[in-house]
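J.:
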Amino acid sequence: MPAVGRIVRRFSAETTVEELYAFVECYDILTTNPELNGEDEKRGADGEADVDLPAEKPEDYVHQYKFRIASPIPRVVYEPDEKATLRDRIGKSGNLIVELGATDYEYDSESESK
Numbered sequence: 001m002p003a004v005g006r007i008v009r010r011f012s013a014e015t016t017v018e019e020l021y022a023f024v025e026c027y028d029i030l031t032t033n034p035e036l037n038g039e040d041e042k043r044g045a046d047g048e049a050d051v052d053l054p055a056e057k058p059e060d061y062v063h064q065y066k067f068r069i070a071s072p073i074p075r076v077v078y079e080p081d082e083k084a085t086l087r088d089r090i091g092k093s094g095n096l097i098v099e100l101g102a103t104d105y106e107y108d109s110e111s112e113s114k
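Mapping the sequence shown onto this note's numbering, position 105 (from 1) lands on 105, and the numbers just tick up by one.
1) Going by beta-carbon coordinates alone, are E18 and E82 separated by less than 8 Å?
2) Between F11, G5 and R6, which has its C-alpha nearest T85's C-alpha?
3) In the DSSP assignment, find the beta strand (DSSP E) that holds Y61 and state where it starts and stops.
4) Classify I69: buried if its beta carbon has 16 or more other beta carbons within 10 angstroms, exposed otherwise.
5) Indicate the three-state DSSP secondary structure (helix, strand or coil) for E18 in the structure shown.
This is how it looks when you write it as structure tokens:
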């Protein structure tokens with residue numbers, strides 16, 4: 001995800017935390033290729049919604065994200081989770097930040113040095 005300032009986006013309460021991470025991971029692709037953002041990718045050349053784009057995750061694959069999603073106040077880091085919904089973890093609404101290149105070690109070091 002490029003360094004862009006602020007992005008305002010609404011998600012369904014049933015969206016999983018993993019799907020939120022996938023959105024952030026693909027944000028630059030979605031914004032530079034508008035045909036991939038929305039229903040256009042499901043339409044055929046004639047405009048009919050007849051193109052099936054199956055995508056299957058390889059068995060036992062776990063994607064490694066190079067960022068974290070957190071709420072600033074109170075500070076809570078939301079780890080990718082395929083089962084937990086945004087309603088479960090965040091509630092009705094919230095402001096989230098994306099921390100690029102963050103690792104567990106960096107968080108431990110920061111909290112110890114303060």
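For each residue, glycine too, the CB sits at the ideal point set by N, CA and C. From a predicted model like this one, the values you see are computed outputs, not experimental measurements.
T.: Reading it off the structure:
1) Counted from its first residue, the sequence shown places residue 18 at position 18. Counted from its first residue, the sequence shown places residue 82 at position 82. With respect to E82, E18 sits close: the two C-beta atoms are nearer than 8 Å.
2) For the purposes of this step, residue 85 is taken as the residue at position 85 of the sequence shown. Among F11, G5 and R6, the Cα nearest to that of T85 is on F11.
3) As a working note, residue 61 is residue 61 in the sequence shown. Boundaries cannot be given for Y61, as no beta strand (DSSP E) includes it and DSSP labels it neither H nor E.
4) Along the sequence shown, one-based indexing puts residue 69 at 69. Buried is the call here.
5) Sequence index remark: in the sequence shown, residue 18 carries index 18 (1-based). Look at E18 here: in three-state DSSP terms it is helix.
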